[in-house]
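Going left to right, the sequence shown walks through residues -20 to -1, 1 to 533 as mature numbering (1 follows the signal peptide of the UniProt record, and there is no 0) numbers them. Don't be surprised by glycine CBs; every beta carbon is placed ideally from N, CA and C. Predicted, not measured: the structure shown is a model, and the values here were computed from it.
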Amino acid sequence: MKRVLPLLCGFMLAPAAAHAVEAPQKGGTLRILVSSAVGTLDPQISYVGLTKFFETPVYDTLLTYPKFAGPGAQPVIPNLAVNVPLPEDNGLTYRLTLRNGIHFSNGQLLTLADVVASFRRIFAAGSPTAGPYYSAIKGADACLKDPAHCTLAEGIETDVATNTITFHLSRPDPEFLEHLAWFHASILPANTPAHDMGNTAPPGTGPYQITDYNPTTHMRFERNPYFHEWSHDAQPAGFPDHMEVTFGLEPESAVTAVENDQADLMYENVPLDRLGEVGSKYADQVHIFTPLLYYYATLNVNEPPFTSLKVRQALNYAVNRHAMVIYDGGSAVAYPQCQLLPEGTPGYERFCAYTAGASPQNPAPEWVKPDMEKARQLVQESGTKGMRVTIVTPSGGKSDNTALELRSVLENLGYKASVHSISPAVHFTFVQNSDNHVQISISGWNADYPSAASFLDTLFACSNFHLHSDNSPNMSGFCDPRIDDMMHHAAQLTLTDRAASNAMWAQADKALMAQAPAVPLVQTKRVVLVSKRTRNVIITLNDEILLSQLQVP
């Protein structure tokens, strides 16, 4: 990519220039800066992009997405399994063969028993995608009702003689292969406790292991001494000998540290007020890419005033998405988001139901400006004017600015609004739990893989709302059986008619926005700064920057 992107501050920011081809160099310590900790290290529990980013070279799944960029990087490929299975019995049976000779980082040999136990653990430990991703496995319904006694005896069959695993489904799952490749299906030792491991990382099969973690200060990776590369495309051997992560440095300070070669990579985007400087002085160290990621405000439909559809629609009309673009870095790296599917997702059709002159029945092609008159009218009709509203946001950076902007909008609509900032490490679990009575929260969502279901079903299906639970990705508490049926139909069409499936997902997007369980704000690009010495930056849609492939001679 050679495009030059203009910035608000008047400088130009170009993607990093390619370094001269050099022989690959192993060794050294990769130094990474992150503003806050990752939370739990349990790969079957964490639903935070930062954790997946760090643990991609630590854990493996039966299938995976290729660890390279380009058009061929989308279909899943074999990883711990030697084959991508073809569906049998009208999509109800999948057979895979496990690779031989792979060891966990504790020296234990990977066996079929570990695979079966890992899938049981998804339910027993309360993985947030147990329902949405793995409920089609026979016996999963019983596991969801009684996780402690989960067996999946009917759903997973093994044959030691042939080293095969056979999955039996109770219904076709058009994205079952993608679900086998998803992070929560990481294969762990069979004796891994069936609860959230928290700050203790279970052994994995990847090229690295986490050897030290303090959520307030640091995390350290060492090589897995038992790792050998079985597939470069699936899990390549790593280049750095060590990776050291430091938590707590604000993005402003992190930029300076990377510029001065005191660190090699900062996870957060380059802050807005540093983009001009970075674009003019360090352009060959900047990498820009567009993940399937957008930011939005979750509206809890079970907490007043957002129990009222009119209030939810009013806030969608009133929010100034242009201001949100500025808070996220300007038009070079962000653009208004007015729907629940981001650009680049299957089924995406651009529309905006909540802008001046538009409505859910007559949407505009794109967002233009707020319609405060319509918003105030809806609030007046709702009878909720004057109520107190608290916005819960992860502390620091652009989230605080976004929350303050929303507070101003709510106050202009007649509410008594306030902002409650909490640590990013606990924000996601806090806003999921209905016991915390969160009215509105600032969130971001990055697709698990290129799929409309990964956004619409995961975030808004009835089955993904769980009362009194920290693992309830439907943070809005939204449930509409009619829209659920629409999404289910769209998913099943994937097996026979992808074009019709995409059209149905587009309808579901419009139907959800008509009910307004959230306020989409912006879709963003990632602007990542690396040190002068860092080489071999490989970026994929599913895994972002591949940490294991960075070279720090």
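Where do the ends of the beta strand (DSSP E) carrying residue i lie?
i: L501; result: 498 to 504
i: K396; result: 396 to 402
i: S421; result: 420 to 426
i: R368; result: 368 to 374
i: H267; result: 266 to 269
i: F33; result: Segment 29 to 35 is the alpha helix (DSSP H) holding F33; no beta strand (DSSP E) there.
i: Y74; result: 73 to 77
i: M223; result: 222 to 227
i: P65; result: Element bounds for P65: n/a, residue is neither H nor E.
Using only the alpha-carbon positions, how far apart do residue i and residue j sit?
i: A128; j: A174; result: 8 Å
i: D428; j: L272; result: 9 Å
i: T514; j: V532; result: 5 Å
i: residue 574; j: G310; result: Residue 574 is absent from the model: the chain starts at -20 and stops at 533.
i: L(-16); j: D253; result: Any reading at L(-16) needs caution, since the residue's pLDDT is 30, under 50, leaving its predicted position unreliable; the model's value is listed next. Each residue's alpha carbon lies about 16 Å from the other.
i: T31; j: Q360; result: 43 Å
i: G394; j: E385; result: 15 Å
i: T36; j: T236; result: 27 Å
i: L42; j: I12; result: 29 Å
i: Y334; j: Q317; result: 11 Å
i: H198; j: N204; result: 19 Å
i: L(-13); j: M466; result: Note on L(-13): pLDDT 33, under 50, position unreliable in the model; the coordinate value appears next. Near 41 Å, if we compare the C-alpha coordinates of M466 and L(-13).
i: R151; j: A116; result: 6 Å
Which residue's Cα is closest to the Cα of residue i: the options?
i: S15; options: E391, H448, H417, G376; result: G376
i: R462; options: L473, D437, D22; result: D437
i: D126; options: F286, R100, A170, C459; result: R100
i: Y274; options: E283, A122, V313, D241; result: V313
i: V225; options: D244, E232, N240; result: D244
i: A416; options: D450, S528, P350, G218; result: In the sequence on display, residue 416 carries Asn and not Ala. The shortest Cα separation from N416 among D450, S528, P350, G218 belongs to D450.
i: G81; options: R292, Q293, V62, L320; result: V62
i: L530; options: P453, A405, Y113, K47; result: K47
i: C459; options: E346, Y276, T287, A181; result: T287
i: L521; options: I402, K505, F156; result: K505
i: E391; options: R356, F408, P430; result: R356
i: P343; options: H222, Y297, A433, A383; result: Y297
i: residue 614; options: T196, V64, R200; result: Shown here, the chain extends from -20 to 533; a query on residue 614 therefore has no answer.
i: W347; options: D308, A303, N280; result: A303
Determine, using beta carbons only, whether residue i and residue j come nearer to each other than 7 Å.
i: K290; j: S362; result: yes
i: D22; j: D176; result: yes
i: V38; j: Y247; result: no
i: A441; j: D464; result: yes
i: L295; j: V140; result: no
i: E75; j: T144; result: Sequence inspection shows Arg at residue 75; the Glu mentioned does not correspond to that position. Cβ distance < 7 Å, so R75 and T144 count as in contact.
i: L168; j: S260; result: no
i: L492; j: L320; result: yes
i: A397; j: V369; result: yes
Since residue i is in the alpha helix (DSSP H), which residue starts that stretch and which ends it?
i: Y274; result: No alpha helix (DSSP H) holds Y274; the beta strand (DSSP E) holding it covers 273 to 279.
i: F103; result: 92 to 104
i: V258; result: 252 to 261
i: R462; result: 461 to 473
i: P231; result: 231 to 239
i: C298; result: The residue asked about is misnamed: residue 298 is Ala in this sequence, not Cys. Here the alpha helix (DSSP H) through A298 covers 289 to 298.
i: V517; result: No alpha helix (DSSP H) contains V517, which DSSP labels as neither H nor E.
i: A303; result: 301 to 307
Please confirm whether any heavy atom of the ligand NAD lies closer than 6 Å to the CB of residue i.
i: K290; result: This structure does not include the ligand NAD; it has no bound ligands of any sort.
message = Could you tell me which whole alpha helix (DSSP H) segments of length 4 or greater appear in the segment 116 to 198?
response = Correct list: 120 to 125, 156 to 161.
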